[in-house]
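In this note's numbering, the protein residues as written are 9 to 199.
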């Protein structure tokens, strides 16, 4: 058997295919990232944020100003909620955090608080963060679904006579994957 050596043109063609493939993959990745990070502006009651494009937005109800849900996520859908709670001027973030935690304990199944602490957010604002888990199951007994373990984080900000509570909840398996996108949302939040 003879060993056939490729010509310079053959080598150039092989290298060209590899380079074009790498360039196409890089362009595709940047395009995918830009589509995933696309956002639409939201503003209500002096609060402004960039909400992920394509997410389902529910109208304001009660103390909720915004509820937006990623309908394409698996398990419990990634959810952002912005609430506004009236407070007195003497209220502290830990007092508001206690009230928010009590509300979660009363309304969420198998609620467990994981951590709570004062933090500085990505914009340099002081906040109080609560991390927790709960179980979410479909209340329709005709559906055979295993309940989802949901992780959540609440960021509580004091703003005059109101507390602004920004919540992120997602299926435990997707929480870390969706956390970066939530930080982009939190960075866009202005009040």
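Heads up, the beta-carbon is just placed ideally off N, CA and C, and yes, glycines get one too.
Whole angstroms is fine: what's the gap from residue 119's alpha carbon to residue 109's?
Start at 1 with the first residue of the chain shown, and residue 119 comes out as number 111. Start at 1 with the first residue of the chain shown, and residue 109 comes out as number 101. Their backbone Cα atoms lie some 9 Å apart in a straight line.
Cβ shell of residue 183 (< 8 Å), same chain only, five flanking positions each side left out
For the purposes of this step, residue 183 is taken as residue 175 along the chain shown, with counting starting at 1. Result list for residue 183: 159, in chain order.
Give the secondary structure of residue 169 by DSSP, where H, G and I count as helix, E and B as strand, and everything else as coil.
Position 161 of the chain shown, counted from the first residue, corresponds to residue 169. Assignment of residue 169 by DSSP, reduced to helix, strand and coil, places it in the coil class.
For residue 54 and residue 199, which I take to be in contact (beta-carbon distance under 8 Å), what is that distance rounded to the nearest angstrom?
The residue labelled residue 54 in the question sits at position 46 within the chain shown. The residue labelled residue 199 in the question sits at position 191 within the chain shown. With a Cβ gap of about 6 Å, residue 54 and residue 199 count as contacting.
With a 10 Å radius around its C-beta and 16 neighbouring C-beta atoms as the bar for buried, classify residue 63 as buried or exposed.
Within the chain shown, numbered from 1, the residue matching residue 63 stands at position 55. Label assigned to residue 63: buried.
DSSP has residue 128 in a bridge; who is on the other side?
Numbered from its first residue, the chain shown carries residue 128 at position 120. Note: residue 128 sits in a beta bridge opposite 134.
Beta-carbon within less than 6 Å of residue 17's beta-carbon, same chain only, minus the 5 sequence neighbours each way: which residues are those?
To locate residue 17, count along the chain shown from 1; it is residue 9. Correct list: empty, nothing qualifies.
Going by DSSP in three states, residue 188 sits in which element: helix, strand or coil?
Here residue 188 refers to the residue found at position 180 when the chain shown is read from its first residue. Collapsing the DSSP output to three states places residue 188 in a helix.
Any idea if residue 125 is buried or exposed, counting beta-carbon neighbours within 10 angstroms, 16 or more meaning buried?
Taking the first residue of the chain shown as 1, we reach residue 125 at position 117. Exposed is the call here.
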